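Chemist:
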Amino acid sequence: MLKNRIIPCLDVKNGRVVKGINFVDLQDAGDPVEQAKIYSDGGADEICFLDITASNENRDTIYDVVERTSKNCFVPLTVGGGVRTVEDINKLLNCGADKVSINTAAVQNSKVVEESSKKFGSQCIVVAIDAKKNGERWEIFTHGGRNSTGINAIEFANKMEKCGAGELLVTSMDKDGTQSGYDIELMTTISSNVNIPVIASGGVGTLDHLAEGIKSGASAVLAASIFHYGTYSITEVKQYLASKDIPVRI
Amino acid sequence: MNVTIVDYNSGNISSVINSFKEVAKDKVNIEVTSDLNKIKSSDKVVLPGQGSFKSCVDALNNISGLVDTLNEFAINNKKPLLGICVGLQMFADVGFEETETMGLGWISGKVSKIDNQNGKYKLPHIGWNEINIVKDSKIFKDIENNSHMYFVHSYEFVPEDKKLISATTEYSSSIVCSIEKENIFGTQFHPEKSDKIGLQIIENFINL
């Protein structure tokens, strides 16, 4: 039976781990390579790096981080943030990333998703959707949540599936950093509208939130703070989920 | 000993390289090349593969003499070869991803899309799934039955001769995930991404 994946996410800036509250107020906290290794040894099903401010800043540091991590961790590594072109994707894959997540560029030019999934395979193309509730619908945001687009998140999710995305990483902008739980309605709506796996992100504060995320229809749950600040270990998370009859790899 | 990872522009092979180098340490020389002479003279060959069946077959055919060299290595000389993911799928006669494409024809059978039961199951089949070892395979030495391996694929190779199947995994149906035919080995899952247990499979192949 396929297990639900638990994915710790490390927000990286200038080669260092940070974790933001609502994408602002960053606190420095360590070496990403070391952290990734701790997570993979602890049973993480996958590791995610988000180079959060990369849309605006020099991002060459991430290549070195990815290269060193991939020589130390033998679980899948997803890298995102500031990925603009097919060449950026190629470079990250060559450094040892297994999947690349694309956010702003996918919105601005869906051809990047089409071309890259054709060239490298859908298995390594993740489209990151940052969505915020606007009345009865969800609107997607770009540039690390700074720019509104007016685009409906559900329609965009369908479009990305058609363009060849292998997975969708869905983050609720309303919930991110609040530790009040995933936007369950958003996760359920998107995952029931696409046939590719959805990774739920944004808002985890408790073990129950992770269980709710999986019950929403997501194939994987992503969290940053609860792992980063040591509130829970990966093992504790998995044991808890297993006790709730949620299939996980232990 | 020399182990060659065939670099034929089949997509991202860094993880395969990193994992083999991690296991090999200084004991075994790991080459990453499409140089035909180096492949011929190596003791073992790894055939990775990402992307579509068609794109991988096309990439193999784009390197003049590569398919002949692999045939000679695996079929005539019967030296150990490990295919990973699409690398395994290419053992088949034919694949149906994108369009009907001839494979290497080493093992009779077809590569078809996994039946997702009308959308009940998501594709690709991504994540960790347990393998049911149905036949002793040299690459499963010290691997417990029902161990978790990392998968990411939408297509499945079904060989005509079911006796060649060494492991399956349960998803929308029972999916073939490992094959052994004499000196030819293949895994649909990614040992290079399956943590310590995956590295053990790589070690088993290196130690054959």
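As they're listed, the protein sequences go chains H and C.
Numbers 51 to 300, taken from my numbering, label the letters of the first sequence in order.
Numbers 457 to 664, taken from my numbering, label the letters of the second sequence in order.
No residue lacks a Cβ here, since even glycine has one placed at the ideal position from N, Cα and C.
The structure displayed is predicted, hence computed values, not measured ones.
1) According to the neighbour-count rule (16 or more other Cβ atoms, all chains shown, within 10 Å of its Cβ), is aspartate 138/H buried or exposed?
2) Quick one: residues in its chain with C-beta nearer than 7 angstroms to the C-beta of threonine 228/H, no 5 flanking neighbours on either side, listed in chain order?
3) Which residues, in chain order, does the stretch 494-526 of chain C contribute to contact with chain H at a C-beta distance below 8 angstroms?
4) Contact between the stretch 567-584 of chain C and the stretch 521-541 of chain C is defined here as three or more beta-carbon pairs at a separation below 8 angstroms; is this criterion met?
5) With DSSP as the reference, label alanine 234/H as helix, strand or coil.
6) Can you name the start and end residues of the beta strand (DSSP E) that aspartate 61/H belongs to?
7) Would phenylalanine 398/C and glycine 642/C qualify as a contact pair, given that the criterion is a beta-carbon distance under 8 angstroms?
8) From the DSSP secondary-structure annotation, give me the bridge partner or partners of methionine 223/H.
9) For the beta strand (DSSP E) that contains histidine 581/C, what are its first and last residues?
10) Give the interface partners of aspartate 651/C over in chain H, defined as CB-CB distance under 8 angstroms, in chain order.
11) So with Cβ pairs under 8 angstroms, would you call glutamate 487/C a contact of chain H?
12) Please state whether DSSP places lysine 121/H in a helix, a strand or coil.
13) Is there a Cβ of chain C sitting closer than 8 angstroms to that of alanine 270/H, yes or no?
14) If you measure from the beta carbon of isoleucine 582/C to each beta carbon in chain H, is any gap under 8 angstroms?
15) At 9 angstroms on the CB atoms, spell out the chain C contacts of lysine 121/H, in chain order.
16) Using a Cβ cut-off of 9 angstroms, pull out every chain H residue sitting near lysine 569/C, in sequence order please.
17) What residues in its chain sit with their C-beta under 8 angstroms from that of aspartate 598/C, if we drop five residues either side in the sequence?
18) Around the Cβ of valine 614/C, are there at least 16 other Cβ atoms within 10 angstroms (buried) or fewer (exposed)?
19) Which whole-angstrom value is the C-beta distance of aspartate 114/H and glycine 65/H, which I expect to be below 8 angstroms?
20) Could one say the Cβ of glutamate 586/C lies closer than 8 angstroms to chain H's Cβ atoms, at least one of them?
21) Can you name the residues of chain H whose CB is closer than 8 angstroms to the CB of lysine 591/C?
22) Round the Cβ separation of asparagine 122/H and alanine 270/H to the nearest angstrom and send it over; I've been treating them as touching at under 8 angstroms.
23) May I have the straight-line CA-CA distance separating leucine 544/C from asparagine 245/H, to the nearest angstrom?
24) What is the rounded straight-line gap between the Cα of glycine 132/H and the Cα of asparagine 517/C?
25) Based on the DSSP secondary-structure assignment, which residues constitute the bridge partners of phenylalanine 607/C?
26) Any idea what DSSP makes of leucine 127/H, helix, strand or coil?
27) For a quick check, are the C-beta atoms of glycine 559/C and valine 513/C less than 8 angstroms apart?
28) What do you get for glutamate 612/C, buried or exposed, if any count of 16 or more other CB atoms within 10 angstroms of its CB means buried?
29) With a 10 Å radius around its C-beta and 16 neighbouring C-beta atoms as the bar for buried, classify lysine 618/C as buried or exposed.
30) Step through the CB atoms of chain C and report whether any lies within less than 8 angstroms of the CB of phenylalanine 170/H.
31) Out of Gly507/C, Gln506/C, Val472/C, Ile495/C, state which residue places its alpha-carbon closest to the alpha-carbon of serine 524/C.
32) What residues in its chain sit with their C-beta under 7 angstroms from that of tryptophan 562/C, if we drop five residues either side in the sequence?
33) Can you tell me the Cα-Cα spacing of serine 596/C and lysine 649/C, whole angstroms?
34) Hey, valine 459/C and aspartate 499/C: beta-carbon distance below 8 angstroms or not?
35) Alpha helix (DSSP H) containing aspartate 258/H: first to last residue?
36) Taking Cβ-Cβ distances shorter than 7 angstroms, what residues in chain C pair up with asparagine 202/H?
Modeler: Taking the definition as stated:
1) Aspartate 138/H comes out buried.
2) Gly253.
3) Hits within the stretch, in order: Gln506, Gly507, Ser508, Ser511.
4) These segments do not touch.
5) Strictly speaking, residue 234/H in this sequence is isoleucine, with alanine absent from that position. The answer is helix: DSSP assigns isoleucine 234/H an H, G or I state.
6) For aspartate 61/H, the uninterrupted beta strand (DSSP E) segment begins and ends at 55-63.
7) Chain C is shown from 457 up to 664; residue 398/C falls before or after that span and cannot be answered.
8) BP columns for methionine 223/H are empty, so no partner.
9) Element bounds for histidine 581/C: 581-586.
10) Identification of chain H residues near aspartate 651/C by a Cβ-Cβ cut-off of 8 angstroms yields Ser90, Phe124, Val125, ordered along the chain.
11) No, glutamate 487/C does not count as interfacial toward chain H.
12) It is coil, neither helix nor strand.
13) By this cut-off, alanine 270/H is an interface position.
14) Output row for isoleucine 582/C: interface = yes.
15) What lysine 121/H touches in chain C: Asn474, Lys477, Glu478.
16) The premise fails here: lysine 569/C is roughly 12 angstroms from chain H at the closest Cβ pair, so nothing lies under 9 angstroms.
17) For aspartate 598/C, where only same-chain residues beyond five positions count, the Cβ hits under 8 angstroms are Gln656, Asn660.
18) Valine 614/C sits exposed, since fewer than 16 C-beta atoms from the chains shown fall within 10 Å of its C-beta.
19) The pair is a contact, with the Cβ atoms about 7 angstroms apart (cut-off 8 angstroms).
20) Output row for glutamate 586/C: interface = yes.
21) Within chain H, no residue comes near lysine 591/C; the closest Cβ sits about 21 angstroms away, beyond 8 angstroms.
22) Wrong, their Cβ atoms sit about 22 angstroms apart, outside the cutoff.
23) Approximately 25 angstroms, taken between the alpha carbons.
24) The straight-line gap from Cα to Cα measures roughly 35 angstroms.
25) Within the DSSP bridge table, the entry for phenylalanine 607/C names Gly583/C as partners.
26) Three-state result, leucine 127/H: strand.
27) Inclusion of glycine 559/C and valine 513/C in the CB contact set at 8 angstroms is warranted, their separation being smaller than that value.
28) Residue environment: glutamate 612/C is assigned as buried (16 or more neighbouring CB atoms within 10 Å of its CB, all protein chains considered).
29) So lysine 618/C ends up on the exposed side.
30) Cβ-Cβ to chain C under 8 angstroms: yes for phenylalanine 170/H.
31) According to the sequence as given, residue 524/C is aspartate; it is not serine. Scanning Gly507/C, Gln506/C, Val472/C, Ile495/C for the CA closest to the CA of aspartate 524/C turns up Ile495/C.
32) Same-chain partners within the cutoff: Ala530, Ile531, Phe547, Ile640.
33) Sequence inspection shows phenylalanine at residue 596/C; the serine mentioned does not correspond to that position. Our two residues, phenylalanine 596/C and lysine 649/C, have alpha carbons roughly 16 angstroms apart in a direct line.
34) Taking 8 angstroms as the Cβ cut-off, valine 459/C and aspartate 499/C qualify as a contacting pair.
35) Element bounds for aspartate 258/H: 257-265.
36) Neighbours of asparagine 202/H on chain C: none; closest Cβ ~21 angstroms, over 7 angstroms.
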